[in-house]
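So the protein lines, in turn, are chains Z and A. Each residue of the first sequence is one higher than the last, beginning at 1 in the numbering used here. Each residue of the second sequence is one higher than the last, beginning at 208 in the numbering used here.
There are 2 protein chains.
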Amino acid sequence: MKYRKIPNETVRRLPVYLRGLAQLSQQGVFSVSSSKLADFVNINAWQIRKDFSYFGDFGTRGVGYSIERLSKQIKKILRLDTLHKAAVIGAGNLGSAVLAYPGFRTYGFDIAAAFDSDPEKIGKNINNIVVEDVSRLNALRKRQVDIAIIAVPEKAAQQVTDSLVRAGIKGILNFSPKRISVPKKVKVITIDIASDLARLPYYIPSG
Amino acid sequence: MKYRKIPNETVRRLPVYLRGLAQLSQQGVFSVSSSKLADFVNINAWQIRKDFSYFGDFGTRGVGYSIERLSKQIKKILRLDTLHKAAVIGAGNLGSAVLAYPGFRTYGFDIAAAFDSDPEKIGKNINNIVVEDVSRLNALRKRQVDIAIIAVPEKAAQQVTDSLVRAGIKGILNFSPKRISVPKKVKVITIDIASDLARLPYYIPSG
DNA sequence: CTGACTTTGTGAATGTGAACTCAATCACAA
DNA sequence: TTGTGATTGAGTTCACATTCACAAAGTCAG
Ligand SMILES: NC(=O)c1ccc[n+]([C@@H]2O[C@H](COP(=O)([O-])OP(=O)(O)OC[C@H]3O[C@@H](n4cnc5c(N)ncnc54)[C@H](O)[C@@H]3O)[C@@H](O)[C@H]2O)c1
Ligand SMILES: NC(=O)c1ccc[n+]([C@@H]2O[C@H](COP(=O)([O-])OP(=O)(O)OC[C@H]3O[C@@H](n4cnc5c(N)ncnc54)[C@H](O)[C@@H]3O)[C@@H](O)[C@H]2O)c1
Numbered sequence: 001m002k003y004r005k006i007p008n009e010t011v012r013r014l015p016v017y018l019r020g021l022a023q024l025s026q027q028g029v030f031s032v033s034s035s036k037l038a039d040f041v042n043i044n045a046w047q048i049r050k051d052f053s054y055f056g057d058f059g060t061r062g063v064g065y066s067i068e069r070l071s072k073q074i075k076k077i078l079r080l081d082t083l084h085k086a087a088v089i090g091a092g093n094l095g096s097a098v099l100a101y102p103g104f105r106t107y108g109f110d111i112a113a114a115f116d117s118d119p120e121k122i123g124k125n126i127n128n129i130v131v132e133d134v135s136r137l138n139a140l141r142k143r144q145v146d147i148a149i150i151a152v153p154e155k156a157a158q159q160v161t162d163s164l165v166r167a168g169i170k171g172i173l174n175f176s177p178k179r180i181s182v183p184k185k186v187k188v189i190t191i192d193i194a195s196d197l198a199r200l201p202y203y204i205p206s207g
Numbered sequence: 208m209k210y211r212k213i214p215n216e217t218v219r220r221l222p223v224y225l226r227g228l229a230q231l232s233q234q235g236v237f238s239v240s241s242s243k244l245a246d247f248v249n250i251n252a253w254q255i256r257k258d259f260s261y262f263g264d265f266g267t268r269g270v271g272y273s274i275e276r277l278s279k280q281i282k283k284i285l286r287l288d289t290l291h292k293a294a295v296i297g298a299g300n301l302g303s304a305v306l307a308y309p310g311f312r313t314y315g316f317d318i319a320a321a322f323d324s325d326p327e328k329i330g331k332n333i334n335n336i337v338v339e340d341v342s343r344l345n346a347l348r349k350r351q352v353d354i355a356i357i358a359v360p361e362k363a364a365q366q367v368t369d370s371l372v373r374a375g376i377k378g379i380l381n382f383s384p385k386r387i388s389v390p391k392k393v394k395v396i397t398i399d400i401a402s403d404l405a406r407l408p409y410y411i412p413s414g
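This is the structure we're talking about:
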C-alpha cells in the first residue's frame, strides 16, 4: 500500500461510511464487503474500495472489511477519536434545532454552549444548555471549545466570526449565507441551505 | 462565445452570485466588475469570469457586468424565473426552522405546505401554514407542488420519499442522513449536517 | 482621434476525481 | 494441498474543474 494524500472528496464521504458501519455494527455484523456497504450507503463499491485504499490495507480478500478496525481508522483520520466541544452562536430557529439534535454525540461532539445577543434569549434553557451573552465569547478559549456553529443572521456573521477567531476557535460550521473571511489557520465549512434549494429546479426538466 | 454545458460546480455557485447581485442591486448599483463581485462573494475573479463565460457575453470590457441582465440570465438558467411550490415533510425542530425562514422567497420559492405523522403536530399552525397529515401527501400533485423538503427521522426517510415520488414530486432537499433512493427522473440534494460537522476536525491541526 | 487604462473572454496548462479493469490474494471445501 | 469463487487493491484512462496569462475590446480624458 502507498500512503497518499487523502482526496477531499474522500474525506467528505468518510463520515457517511462511519455512520453506515456503526449501524451495521449495531445489527451484530462484524465484517462487511465493499458491495454490501455500497448497497447500504448508496455509494459505488469501487468508489468505496478506492477511498479505503488511500489509508491502508483493511480488507481481507475474499472476505471483506473488519467493521471495528475500519471504524477506528476512519475516526482516527477524521480526528474523531477525541472529544470535541462545540458552541452554537445564535439561538434562533436553526440554532435551537441544532441544540436539540442528539445525533452529533455519536460522532464525538459535545455541544457545550450557546450564545445570543437578544436579551429575551439570554438565560433561556434549551436542551439543558443556558444561552449566554454573545459578548462573553472570549470565555470559549478557557473552556476548551474549538468548534463553533454559526446560526446568526447574515449581517452579524462576519462580526461574530471575528470574535470567534479571537476566542481561539479552530473550525466553523456556518449556516449563514455569507461567505465569511477567516485567517488561513481556521477552517470554515458553509452550509448554504437556500443555495442548495435554489439549484434544485435546474435539475428538474421543465414542463 | 461558445455554448458549452455548464459544469456542475458552476451551477453550485450560481445561487451565490445571484444573492450577491441582488444585494448590490439593493445598494443602488447597476453594474459590477468581476473583481468587485469577487470581493463581495469571496470567490476568485477569474473563476467568476469563467463561470459567466459558459452562458454568454454579459460583460462590457472596461466596464463590467450589467447586474440586471446577469441576474435575469442566471435565474433563467436555474429555472428560478417561475414560482416553485415546496412542501416540508416533518414539522419537527428543523422542519419548523425551514417553515419560519423567509429567505427562500427571494429565490422564487413558496413554502406552501407542511406534513407530519404526529397527531400532536397535525393541525398546528406554524408561520401561517397548517400542518397536515402525512397520509395526505398525494394531494401535492393536484396542488402543483413539485419540490419537497424532507425533515423526518432517518428511519422514515425512504418511506416518505417513496410517497413523495408517487405524488409526482420532482426535486427533494433531504436533511436526513439517509442516502435515499429515487427514480432517475427525480433529483435529490442531501444536506447532511452531521457529516459536514464531522469532517471539520480533519482540517484542524491537532495540538 | 489617440493613447492610457480597465476589464472581459478564452485557450492552454495543470490539478483532481470518477469510472473501469483486472491481477493478486484469501477462505474454504473437497 | 489444490481448485474455485469471492473480493480487494491499484493502475489507467477519461472527464471535469481550477488556475493562469494575455489578446481583444471596450471606456474616457484631453
Ligand atoms: N432557518 C432556516 O431554514 C434557514 C435557511 C437558510 C439559511 N438560514 C440562515 O441561518 C441563520 C440563522 O437562521 P434562523 O432561521 O435561525 O434565524 P433566527 O432569526 O431565527 O435566529 C437568529 C438568532 O441570532 C441572534 N443574533 C442576531 N445577531 C446576533 C449577534 N450579533 N450575536 C449573537 N446572536 C445574534 C438572534 O437574536 C436570533 O436568536 C441565518 O443566517 C439564516 O440566513 C436559515
Ligand atoms: N436538528 C438538527 O440539527 C439536525 C442535524 C442533523 C441532521 N438532522 C436530521 O434532520 C431530520 C429532522 O431533524 P429534527 O431535529 O427536525 O427532528 P425532530 O424529531 O425534531 O422532527 C422530526 C419530525 O418528523 C415527524 N415524523 C416522524 N415520522 C414521520 C413520518 N413518517 N412522516 C411524517 N413525519 C414524520 C415527527 O413527528 C417530527 O415532528 C432528521 O433526519 C435528523 O437526523 C437534524
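For every residue, glycine included, the Cβ atom is placed at its ideal position computed from N, Cα and C. In this text, all values refer to a predicted model and were calculated from it rather than measured experimentally.
With 16 other Cβ atoms within 10 Å as the buried cut-off, status of residue i
{"i": "ASN174(A)", "result": "With chain A covering only 208 through 414, there is no way to say anything about residue 174(A)."}
{"i": "ALA405(A)", "result": "buried"}
{"i": "SER241(A)", "result": "buried"}
{"i": "ASP323(A)", "result": "buried"}
{"i": "SER388(A)", "result": "exposed"}
{"i": "SER413(A)", "result": "exposed"}
{"i": "SER167(Z)", "result": "The residue you asked about is not Ser; residue 167(Z) is Ala in the sequence shown. Counting Cβ neighbours within 10 Å, ALA167(Z) comes out buried, since at least 16 surround it."}
{"i": "PHE30(Z)", "result": "exposed"}
{"i": "SER342(A)", "result": "exposed"}
{"i": "ASP258(A)", "result": "buried"}
{"i": "ASP325(A)", "result": "exposed"}
{"i": "LEU200(Z)", "result": "buried"}
{"i": "ASP81(Z)", "result": "exposed"}
{"i": "GLY297(A)", "result": "buried"}
{"i": "LYS2(Z)", "result": "Here LYS2(Z) scores only 47 on pLDDT, less than 50, and its place in the model should not be relied on; the value that follows carries that caveat. Exposed is the call here."}
{"i": "ASP264(A)", "result": "exposed"}
{"i": "THR190(Z)", "result": "buried"}
{"i": "THR267(A)", "result": "exposed"}
{"i": "LYS391(A)", "result": "exposed"}
{"i": "LEU290(A)", "result": "exposed"}
Helix, strand or coil at residue i [DSSP, three-state]
{"i": "LEU173(Z)", "result": "strand"}
{"i": "GLY123(Z)", "result": "coil"}
{"i": "GLY266(A)", "result": "strand"}
{"i": "GLY108(Z)", "result": "coil"}
{"i": "THR190(Z)", "result": "strand"}
{"i": "LYS292(A)", "result": "strand"}
{"i": "PHE322(A)", "result": "strand"}
{"i": "VAL218(A)", "result": "helix"}
{"i": "ARG203(Z)", "result": "Going by the sequence as given, residue 203(Z) is Tyr instead of Arg. TYR203(Z): helix per DSSP, three-state reduction."}
{"i": "ILE215(Z)", "result": "With chain Z covering only 1 through 207, there is no way to say anything about residue 215(Z)."}
{"i": "ILE77(Z)", "result": "helix"}
{"i": "SER388(A)", "result": "coil"}
{"i": "SER342(A)", "result": "helix"}
{"i": "ILE213(A)", "result": "coil"}
{"i": "ILE43(Z)", "result": "coil"}
{"i": "ALA192(A)", "result": "No answer is possible for residue 192(A): it lies beyond the span of chain A, which begins at 208 and ends at 414."}
{"i": "VAL352(A)", "result": "coil"}
{"i": "VAL160(Z)", "result": "helix"}
{"i": "SER53(Z)", "result": "helix"}
{"i": "VAL32(Z)", "result": "strand"}
{"i": "VAL337(A)", "result": "strand"}
{"i": "ALA198(Z)", "result": "helix"}
Supposed contact pair residue j and residue i - C-beta distance, whole angstroms, cut 8 angstroms
{"i": "ASN93(Z)", "j": "SER303(A)", "result": "7 angstroms"}
{"i": "ALA38(Z)", "j": "SER71(Z)", "result": "With a Cβ gap of about 17 angstroms, ALA38(Z) and SER71(Z) do not count as contacting."}
{"i": "TYR107(Z)", "j": "PRO15(Z)", "result": "7 angstroms"}
{"i": "ALA401(A)", "j": "PRO384(A)", "result": "6 angstroms"}
{"i": "ILE147(Z)", "j": "GLY171(Z)", "result": "5 angstroms"}
{"i": "ILE250(A)", "j": "ARG220(A)", "result": "7 angstroms"}
{"i": "GLN126(Z)", "j": "LEU99(Z)", "result": "The displayed chain sequence assigns Ile, not Gln, to residue 126(Z). With a Cβ gap of about 5 angstroms, ILE126(Z) and LEU99(Z) count as contacting."}
{"i": "VAL295(A)", "j": "ILE356(A)", "result": "5 angstroms"}
{"i": "ALA114(Z)", "j": "VAL145(Z)", "result": "So it is not a contact: roughly 11 angstroms between Cβ atoms."}
{"i": "ILE74(Z)", "j": "TYR17(Z)", "result": "6 angstroms"}
task: Anything in the region 369-387 of chain A with a Cβ closer than 7 angstroms to a Cβ of chain Z? List those residues in chain order, please.
output: Here the close residues are LYS377, GLY378, LEU380, PRO384 and ARG386.
message: Along the region 244-256 of chain A, where does the CB come closer than 7 angstroms to a CB of chain Z? Name the residues.
response: Listed in sequence order: VAL248 and ASN249.
Contact list for the region 15-33 of chain Z against chain A, Cβ threshold 7 angstroms: Near chain A, meaning a CB-to-CB distance below 7 angstroms, the residues of the region 15-33 of chain Z are PRO15, VAL16 and ARG19.
- prompt: Which residues, in order along the region 102-113 of chain Z, keep a beta-carbon less than 9 angstroms from a beta-carbon of chain A?
  reply: Taking 9 angstroms as the Cβ-Cβ cut-off against chain A, the residues of the region 102-113 of chain Z that qualify are GLY103, PHE104, THR106, TYR107, GLY108 and PHE109.
- request: Mind checking the region 401-412 of chain A against chain Z and listing, in chain order, the residues whose C-beta falls within less than 9 angstroms of any C-beta there?
  value: Here the close residues are ALA401, SER402, ASP403, LEU404, ALA405, ARG406, LEU407, PRO408, TYR409, TYR410, ILE411 and PRO412.
- request: Anything in the region 283-294 of chain A with a Cβ closer than 9 angstroms to a Cβ of chain Z? List those residues in chain order, please.
  value: Residues of the region 283-294 of chain A that bring their beta carbon within less than 9 angstroms of a beta carbon in chain Z comprise ILE284, LEU285, ARG286, LEU287, THR289, HIS291 and ALA293, in sequence order.
- prompt: In chain order, what residues of the region 46-70 of chain Z put their CB closer than 8 angstroms to some CB of chain A?
  reply: Close to chain A, meaning a Cβ-Cβ distance shorter than 8 angstroms, is no residue of the region 46-70 of chain Z at all.
- prompt: Can you list, in chain order, the residues of the region 339-361 of chain A whose Cβ is nearer than 8 angstroms to any Cβ on chain Z?
  reply: Of all residues in the region 339-361 of chain A, ASP353, ILE354 and ILE356 have a Cβ within less than 8 angstroms of some Cβ in chain Z.
query: Which residues, in order along the region 319-333 of chain A, keep a beta-carbon less than 8 angstroms from a beta-carbon of chain Z?
result: Within the region 319-333 of chain A, no residue places its CB atom closer than 8 angstroms to a CB of chain Z.
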